[in-house]
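Visitor: Sharing a structure, written as structure tokens. Questions coming.
2 protein chains.
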Amino acid sequence: MEGYQKGRRGKTLEAPEVVVVRLPLYLRALSQLAEQGTQLVSSEELGRQLQITPAQIRKDLSSFGRFGKQGRGYDVGHLLGELRQVLGLTQEWSVALVGVGRLGRALLGYPGFRPEGFKIAAAFDVDPRQVGQVVGGIMVQPMHRLEEVLGTEGIRMAIVAVPASQAQQVIDQLAACNVRAIVNYASVAAHVPPHVKLRTIDPVLALQSMTYYLREDARP
Amino acid sequence: MEGYQKGRRGKTLEAPEVVVVRLPLYLRALSQLAEQGTQLVSSEELGRQLQITPAQIRKDLSSFGRFGKQGRGYDVGHLLGELRQVLGLTQEWSVALVGVGRLGRALLGYPGFRPEGFKIAAAFDVDPRQVGQVVGGIMVQPMHRLEEVLGTEGIRMAIVAVPASQAQQVIDQLAACNVRAIVNYASVAAHVPPHVKLRTIDPVLALQSMTYYLREDARP
Numbered sequence: 088m089e090g091y092q093k094g095r096r097g098k099t100l101e102a103p104e105v106v107v108v109r110l111p112l113y114l115r116a117l118s119q120l121a122e123q124g125t126q127l128v129s130s131e132e133l134g135r136q137l138q139i140t141p142a143q144i145r146k147d148l149s150s151f152g153r154f155g156k157q158g159r160g161y162d163v164g165h166l167l168g169e170l171r172q173v174l175g176l177t178q179e180w181s182v183a184l185v186g187v188g189r190l191g192r193a194l195l196g197y198p199g200f201r202p203e204g205f206k207i208a209a210a211f212d213v214d215p216r217q218v219g220q221v222v223g224g225i226m227v228q229p230m231h232r233l234e235e236v237l238g239t240e241g242i243r244m245a246i247v248a249v250p251a252s253q254a255q256q257v258i259d260q261l262a263a264c265n266v267r268a269i270v271n272y273a274s275v276a277a278h279v280p281p282h283v284k285l286r287t288i289d290p291v292l293a294l295q296s297m298t299y300y301l302r303e304d305a306r307p
Numbered sequence: 088m089e090g091y092q093k094g095r096r097g098k099t100l101e102a103p104e105v106v107v108v109r110l111p112l113y114l115r116a117l118s119q120l121a122e123q124g125t126q127l128v129s130s131e132e133l134g135r136q137l138q139i140t141p142a143q144i145r146k147d148l149s150s151f152g153r154f155g156k157q158g159r160g161y162d163v164g165h166l167l168g169e170l171r172q173v174l175g176l177t178q179e180w181s182v183a184l185v186g187v188g189r190l191g192r193a194l195l196g197y198p199g200f201r202p203e204g205f206k207i208a209a210a211f212d213v214d215p216r217q218v219g220q221v222v223g224g225i226m227v228q229p230m231h232r233l234e235e236v237l238g239t240e241g242i243r244m245a246i247v248a249v250p251a252s253q254a255q256q257v258i259d260q261l262a263a264c265n266v267r268a269i270v271n272y273a274s275v276a277a278h279v280p281p282h283v284k285l286r287t288i289d290p291v292l293a294l295q296s297m298t299y300y301l302r303e304d305a306r307p
């Protein structure tokens, strides 16, 4: 592994966030190729699948080491392993869920976390009717136990599935409990301290980023 | 409006997709500022809220026209209106939902679409037990009515909330029915024709893009 690992003075350099965000997309495409039995893939083929230019893919991947052989393409299995290592996915990550409404329940039943190394290890809600219920094998805890449970379990990732009006407060509480990475489903521009990462998952943002392409031929 | 509108030969130029994807984030932050009664905002303040550099914000916005006054900041209301126009959000958009399982039902009950100008106008499922049910005021239709309903309603945006194993097939069907913009909740690297936009919403991708920042101080 080379590239962003060390700067000139031995200081560890981070890859640009735009690159880090693309790596899981590469991982997913490579996993599907591996399942299909593909052993080598060109940046052109990966680019076609991901709607990313081959040059961008080569540049992104070369930041982390020399994975491709000229004219031969990338070794799918090797690149998969290296990307998992770069992204810290060689271990299992425990995740806390806050908010056990309709969306939270759908997330607790979602089968896609475990195969990728993520485990919802604790769930919380403010609603006393939810607390104590067992959903997807997890007992819903009251919010006042947040700090204790996260500390005991060493949880530093969380998913926020509460109404927009409560999201910032919950995110602040999570940040105060040493959570360093938050996926937020509430439609708010939430703030986090600089050492906390936040990704907002919002179908409205996704839709709004595509109407731009439809607007010209839109019906009046 | 200037910038990307016309190229040298009068051809309409598109803004880079990375910029288009950021515009809804600006829109959301500006909406919150407007609700709080803020009339002017600096690129520094916007940048702080969105964890984007002020230089990036100025560059992104200047692509679409001259919104800011030096040393004075952006007029929140004016910029909101212009961004809505750029993104084609001055009209209401009808959206089809495919997949009425737990996630689909959460989406049908989601109150965040209408205030932003999006309306789930039709819902579809392959499961005969779902078909005919009314969820969130919408009657679930069988898949074989997809083309007819989308055509009649002029729907060109869709949300896919089906299991991963069915997602590519559903996306192909939607593309064949003239759908041009798809939000996909299934955890697959789906393919679309070049004229179709696709955004994948996936908590695993979001989590995987943050473990990179946690890996070094991760417990062994």
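Chains as they are written, first to last, in the working numbering: chain A, 88 to 307; chain B, 88 to 307.
Using N, Cα and C, we set each Cβ at its ideal position, and we do this for glycine too.
1) Do you know whose CA, among Asp214/B, Ala262/B, Val105/B, lies nearest arginine 109/A's CA?
2) Is glutamate 203/A close to chain B, meaning its C-beta is less than 8 Å from at least one C-beta of that chain?
3) Does proline 215/B come out as helix, strand or coil in the three-state DSSP assignment?
4) Can you grab the Cα-Cα spacing for the pair glycine 199/B / glutamate 131/B, in whole Å?
5) Is DSSP giving threonine 239/A helix, strand or coil here?
6) Would you mind giving the Cβ-Cβ distance between isoleucine 225/A and leucine 195/A, rounded to the nearest angstrom? I have them listed as a contact below 8 Å.
7) Thinking C-beta only, is leucine 114/A closer than 8 Å to leucine 170/A?
8) Considering only the beta carbon of each residue, do glycine 238/A and valine 227/A sit closer than 8 Å?
9) Measuring alpha carbon to alpha carbon, tell me which residue in Arg302/A, Ala293/A, Ala251/A, Gln172/A is nearest leucine 301/B.
10) Check the Cβ-Cβ distances between alanine 116/A and every residue of chain B, and say whether any is below 8 Å.
11) Against chain B, does glycine 164/A count as a neighbour if the rule is that its beta carbon must be under 8 Å from one of theirs?
12) Is it buried or exposed for proline 281/B, if we count other Cβ within 10 angstroms and need 16 for buried?
13) Buried or exposed, going by whether 16 or more other CB atoms sit within 10 Å of the CB of alanine 263/A?
14) Tell me whether tyrosine 300/A sits in a helix, a strand or coil according to DSSP, three-state version.
15) For the putative contact between glutamate 240/A and serine 181/A, defined by C-beta atoms under 8 Å, what is the C-beta separation to the nearest angstrom?
16) Between which two residues does the alpha helix (DSSP H) containing isoleucine 139/B stretch?
17) What number of angstroms, rounded off, separates the C-alpha of leucine 174/B from the C-alpha of alanine 116/B?
18) From valine 327/B to aspartate 289/A, what distance separates their C-alpha atoms?
19) DSSP state of proline 280/B, grouped into three classes?
20) Given a threshold of 16 other Cβ atoms within 10 Å of its Cβ, counted over all protein chains shown, does glutamine 136/A qualify as buried or as exposed?
21) Would DSSP call aspartate 289/A helix, strand or coil?
22) Is the CB of phenylalanine 200/B under 8 Å away from at least one CB in chain A?
23) Taking 8 Å as the CB-CB limit, is lysine 146/A close to chain B?
24) Could you name each continuous alpha helix (DSSP H) segment of 4 residues or more that falls completely within the region 173–225 of chain A, going from the start of the chain to the end?
25) Our contact map puts valine 163/B next to glutamine 126/B with C-beta atoms below 8 Å; I'd like the distance itself, whole angstroms only.
26) I'd like to know if serine 252/B contacts chain A, where contact means its C-beta is closer than 8 Å to some C-beta of that chain.
27) Out of curiosity, what's the CA-to-CA distance linking leucine 167/B and lysine 206/B?
28) Tell me isoleucine 269/B's beta-bridge partners as DSSP assigns them.
29) Beta-carbon of serine 181/B versus every beta-carbon of chain A: anything under 8 Å?
30) Taking the alpha helix (DSSP H) that glutamine 260/B belongs to, which residues open and close that run?
31) Would alanine 277/B and valine 249/B qualify as a contact pair, given that the criterion is a beta-carbon distance under 8 Å?
32) To the nearest angstrom, how far is it from the Cα of glutamine 138/B to the Cα of alanine 102/A?
33) Taking CB distances under 8 Å as the criterion, tell me whether valine 266/A reaches chain B.
34) For phenylalanine 154/A, which residues in the same chain have their Cβ closer than 6 Å to its Cβ, ignoring the five residues on either side in sequence?
35) If the criterion is Cβ atoms closer than 8 Å, does the pair leucine 233/B and glutamine 256/B meet it?
36) Looking at chain B, is there any beta carbon in it that lies within less than 8 Å of the beta carbon of valine 249/A?
Guide: Walking through what the data contain:
1) Stepping through the first sequence from its first residue, residue 109/A is reached at position 22. Measuring from the Cα of arginine 109/A, the nearest candidate turns out to be Val105/B.
2) Looking up residue 203/A in the first sequence gives position 116. Closer than 8 Å to some Cβ of chain B, the Cβ of glutamate 203/A qualifies, so yes.
3) If you number the second sequence from 1, residue 215/B lands on position 128. Correct three-state label for proline 215/B: coil.
4) Within the second sequence, the letter at position 112 stands for residue 199/B. Within the second sequence, the letter at position 44 stands for residue 131/B. Rounded to the nearest angstrom, the two C-alpha atoms are 28 Å apart.
5) Walking along the first sequence from the start, residue 239/A turns up at place 152. In the structure shown, threonine 239/A sits in a helix (DSSP, three-state: H, G or I).
6) As a position in the first sequence, residue 225/A is number 138, starting the count at 1. As a position in the first sequence, residue 195/A is number 108, starting the count at 1. Between isoleucine 225/A and leucine 195/A, the beta carbon gap of about 6 Å places them in contact (Cβ cut-off 8 Å).
7) Position 83 of the first sequence, counted from the start, is the residue given in the question as residue 170/A. Position 27 of the first sequence, counted from the start, is the residue given in the question as residue 114/A. The answer is yes: Cβ separation under 8 Å.
8) Walking along the first sequence from the start, residue 238/A turns up at place 151. Walking along the first sequence from the start, residue 227/A turns up at place 140. Taking 8 Å as the Cβ cut-off, glycine 238/A and valine 227/A do not qualify as a contacting pair.
9) Mapped onto the second sequence, residue 301/B falls at position 214. Nearest C-alpha to leucine 301/B: Gln172/A.
10) Locating residue 116/A in the first sequence gives position 29, where the first residue counts as 1. Closer than 8 Å: yes.
11) Counted from its first residue, the first sequence places residue 164/A at position 77. Between glycine 164/A and chain B, the shortest Cβ-Cβ separation is not below 8 Å.
12) As a position in the second sequence, residue 281/B is number 194, starting the count at 1. Proline 281/B should be labelled exposed.
13) Walking along the first sequence from the start, residue 263/A turns up at place 176. Exposed, by the Cβ-count rule.
14) For the purposes of this step, residue 300/A is taken as residue 213 along the first sequence, with counting starting at 1. Helix at tyrosine 300/A.
15) As a first step, residue 240/A must be located in the first sequence, where it is residue number 153. As a first step, residue 181/A must be located in the first sequence, where it is residue number 94. Contact flag correct, Cβ pair sits at about 6 Å.
16) For the purposes of this step, residue 139/B is identified with residue 52 of the second sequence, where counting begins at 1. First-last for isoleucine 139/B: undefined, no H or E at that position.
17) Start at 1 with the first residue of the second sequence, and residue 174/B comes out as number 87. Start at 1 with the first residue of the second sequence, and residue 116/B comes out as number 29. Cα to Cα, leucine 174/B sits roughly 15 Å from alanine 116/B.
18) There is simply no residue 327/B to check, as chain B begins at 88 and stops at 307 in what is shown.
19) Taking the first residue of the second sequence as position 1, residue 280/B is located at position 193. Three-state result, proline 280/B: coil.
20) For this step, residue 136/A is matched to residue 49 along the first sequence. The residue in question, glutamine 136/A, is buried, as its Cβ has 16 or more Cβ neighbours within 10 Å.
21) Numbered from 1 along the first sequence, position 202 holds the residue referred to as residue 289/A. Note: aspartate 289/A maps to coil in three-state DSSP.
22) For the purposes of this step, residue 200/B is taken as residue 113 along the second sequence, with counting starting at 1. Taking Cβ atoms only, chain A reaches closer than 8 Å to phenylalanine 200/B, which makes this a yes.
23) Looking up residue 146/A in the first sequence gives position 59. Answer no: the Cβ-Cβ gap between lysine 146/A and chain B never drops below 8 Å.
24) 189–195
25) Taking the first residue of the second sequence as 1, we reach residue 163/B at position 76. Taking the first residue of the second sequence as 1, we reach residue 126/B at position 39. Valine 163/B to glutamine 126/B, Cβ: 6 Å. Contact.
26) Taking the first residue of the second sequence as 1, we reach residue 252/B at position 165. Chain A, which has no Cβ nearer than 8 Å to the Cβ of serine 252/B, makes this no.
27) The sequence position of residue 167/B within the second sequence is 80, counting from 1. The sequence position of residue 206/B within the second sequence is 119, counting from 1. So the alpha carbons of these two residues sit roughly 21 Å apart.
28) Residue numbering aside, residue 269/B sits at position 182 when the second sequence is read from its first letter. When beta bridges are read from the DSSP output, isoleucine 269/B appears opposite Ala245/B, Leu285/B.
29) As a first step, residue 181/B must be located in the second sequence, where it is residue number 94. No, because no Cβ of chain A sits closer than 8 Å to the Cβ of serine 181/B.
30) Taking the second sequence and counting its residues from 1, one reaches residue 260/B at position 173. Looking at the DSSP string, the run of the alpha helix (DSSP H) that includes glutamine 260/B is 251–263.
31) Taking the first residue of the second sequence as 1, we reach residue 277/B at position 190. Taking the first residue of the second sequence as 1, we reach residue 249/B at position 162. No. Outside cutoff.
32) On the second sequence, residue 138/B is found 51 positions in, with the first residue counted as 1. On the first sequence, residue 102/A is found 15 positions in, with the first residue counted as 1. Distance between the alpha carbons of glutamine 138/B and alanine 102/A: 16 Å.
33) Against the first sequence, residue 266/A aligns to sequence position 179. For valine 266/A, the answer is no, since every Cβ of chain B falls outside 8 Å of its Cβ.
34) Residue 154/A sits at position 67 when you count from the first residue of the first sequence. Hits under 6 Å: Leu148, Tyr161, Leu166.
35) Along the second sequence, one-based indexing puts residue 233/B at 146. Along the second sequence, one-based indexing puts residue 256/B at 169. Not in contact: leucine 233/B and glutamine 256/B (Cβ atoms no closer than 8 Å).
36) As a first step, residue 249/A is located in the first sequence; it is residue number 162 there, counting from the start. No, its Cβ sits nowhere closer than 8 Å to a Cβ of chain B.
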